[in-house]
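Protein chains: 2
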Amino acid sequence: MLKKHHEYAKGLLKERNLKATTTRIQVISLISAYKTAMPLSKIQQSLANTDRVTLYRTLNALLEKGLIHKAFSSGEDTYYALCSDSCSTHAHQHDHIHFKCKVCQMVTCEYPEEKVVVSFPGFKVDSLNVSAVGVCGRCA
Amino acid sequence: MLKKHHEYAKGLLKERNLKATTTRIQVISLISAYKTAMPLSKIQQSLANTDRVTLYRTLNALLEKGLIHKAFSSGEDTYYALCSDSCSTHAHQHDHIHFKCKVCQMVTCEYPEEKVVVSFPGFKVDSLNVSAVGVCGRCA
DNA sequence: TTTTTAAATGCAACAATGTTGCAATAATAG
DNA sequence: CTATTATTGCAACATTGTTGCATTTAAAAA
Ligand SMILES: [Mn+2]
Ligand SMILES: [Mn+2]
Ligand SMILES: [Zn+2]
Ligand SMILES: [Zn+2]
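Each protein sequence line maps, in turn, to chains A and B.
For the first sequence, position 130 matches number 130 in my numbering, and the numbering has no gaps at all.
For my numbering, count along the second sequence from 1 and bump the result up by 1000.
Rendered as structure tokens:
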């Protein structure tokens, strides 16, 4: 059951030429098993015996290599989600948006039917960041 | 020239039942004169002889009363902009988006022609936050 | 204008979050 | 299995923001 995520994590790390260390495997497995974006506070709880610094360095490594991304960041917590294959070592490529349910606090990556497009005359838009807050299906 | 912003600031403060203290007037005047959203670092520079704590408390007061809003927040800096009249003591009501030019670092509030709408089945969207990064007209 | 009083300020101390240098340790290539 | 190199843990530091409290200031009352 956890083995599945564990093996998956190892594969991802090898693909991106990152050493498959215990902490990295644990972080990826955790987020993978969590299904929705996982708040840092929960990751920390689960890895309570891992040094704070190591966790930060691990998250930074995974962010840089395009394995995870910041899905939401409020004053309270920062949520991390696994990247899809479209993200590479050199660039994140996200065309989705992030939704936070204000009831259950869950944060998810959502892919709306109509792609969000914004343009203003005279400006060149390189990247767009869209996040929404509301009530999720289960809480409604 | 600065008098104008100064008087404007006093008016805004009175409207929202905030005491017209020196720091508050200065902060509002500064942002008002800055035209685009002003980074905290610059506000701090301009108010170097004001206590750090006072500045934080001032910004919080202005945020709570709907006089200013956070326009952009990167790891580097947080940008503050004046609110329009639609924001009140009790709720911010922003239907605009925030643009940051990655060349000149300027952050502006923009009102695209087509209003951005996002919906996913099963979710109730209360608020939408859209920010864009790119190149502004002057830098293009 | 002067007095009163309630709120804002400055200071010191604290808290939370993240970063850096370096010696000890663990992962992987040979 | 051994050698090599990256990762880890620890201590120390940095940055950002918050809290309690005595002093000062703004604005209302006299
Ligand atoms: Mn996402
Ligand atoms: Mn704005
Ligand atoms: Zn929910
Ligand atoms: Zn520009």
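For glycine and all other residues, C-beta sits at the position ideal for the given N, C-alpha and C.
Interface flag for D1126 (chain B) against chain A is set, since a Cβ pair is found closer than 7 Å.
Here the alpha carbons of L1055 (chain B) and T36 (chain A) stand approximately 37 Å from one another. Take H6 (chain A), set aside five residues on each side of it, and the residues of its chain with a beta-carbon closer than 8 Å to its own are I25 and S29, in chain order.
If you check the CB distance, L13 (chain A) and A20 (chain A) come in under 7 Å. Here DSSP, grouped into helix, strand and coil, assigns N129 (chain A) to strand. Out of B:D1051, B:L1018, B:M1106 and B:D1095, the CA that lies nearest to the CA of K1065 (chain B) is found in B:L1018. Ligand 1 never approaches A1132 (chain B) closely enough for any of its heavy atoms to be under 6 Å from the residue's Cβ.
V1107 (chain B) does not reach chain A, its nearest Cβ partner there being about 12 Å away, counting only Cβ pairs nearer than 9 Å. By the rule that beta-carbons nearer than 7 Å mark a contact, A33 (chain A) does not touch chain B. By the C-beta criterion, the stretch 96-103 of chain A is judged to be in contact with the stretch 127-138 of chain A, since at least 3 inter-stretch pairs fall below 8 Å.
Residues of chain A whose Cβ lies closer than 7 Å to the Cβ of S1131 (chain B) are, in chain order, N129. Residue pairing by DSSP places T1108 (chain B) opposite B:F1099 in a beta bridge. Exposed is the label assigned to A140 (chain A), since fewer than 16 other Cβ atoms lie within 10 Å of its Cβ. Taken through DSSP and simplified to helix, strand or coil, K1124 (chain B) comes out as strand.
Taking a Cβ-Cβ threshold of 7 Å, the residues of chain B close to C136 (chain A) are F1123, in chain order.
Annotation for A33 (chain A): the continuous alpha helix (DSSP H) segment containing it runs T22 to Y34. Our two residues, E110 (chain A) and F1120 (chain B), have alpha carbons roughly 8 Å apart in a direct line. Annotation for S1041 (chain B): no beta strand (DSSP E) segment contains it, though the alpha helix (DSSP H) segment containing it runs L1040 to S1046. Here the distance from the Cβ of M38 (chain A) to the nearest heavy atom of ligand 3 is not below 6 Å. Bridge partners of A1061 (chain B) according to DSSP: none are assigned. For V118 (chain A), the neighbours in chain B by C-beta distance under 7 Å run, in chain order, I1097, P1112, V1116, V1130 and A1132.
If the five residues before and after V27 (chain A) are omitted, its C-beta is found closer than 6 Å to the C-beta atoms of T58, all from its own chain and listed in chain order. The Cβ of A1071 (chain B) sits no closer than 7 Å to any Cβ of chain A. When secondary structure is reduced to three states using DSSP, H1069 (chain B) falls in the strand class.
Residues close to ligand 2 by the beta carbon criterion (under 5 Å to any non-hydrogen atom) are, from first to last along the chain, B:A1071, B:A1081 and B:C1109.
Following the DSSP letters along the chain, one finds A37 (chain A) in no beta strand (DSSP E), marked with neither H nor E. The Cβ atoms of V103 (chain A) and V1118 (chain B) do not sit closer than 7 Å to each other.
DSSP, reduced to helix, strand and coil, places L1082 (chain B) within a strand of the structure shown.
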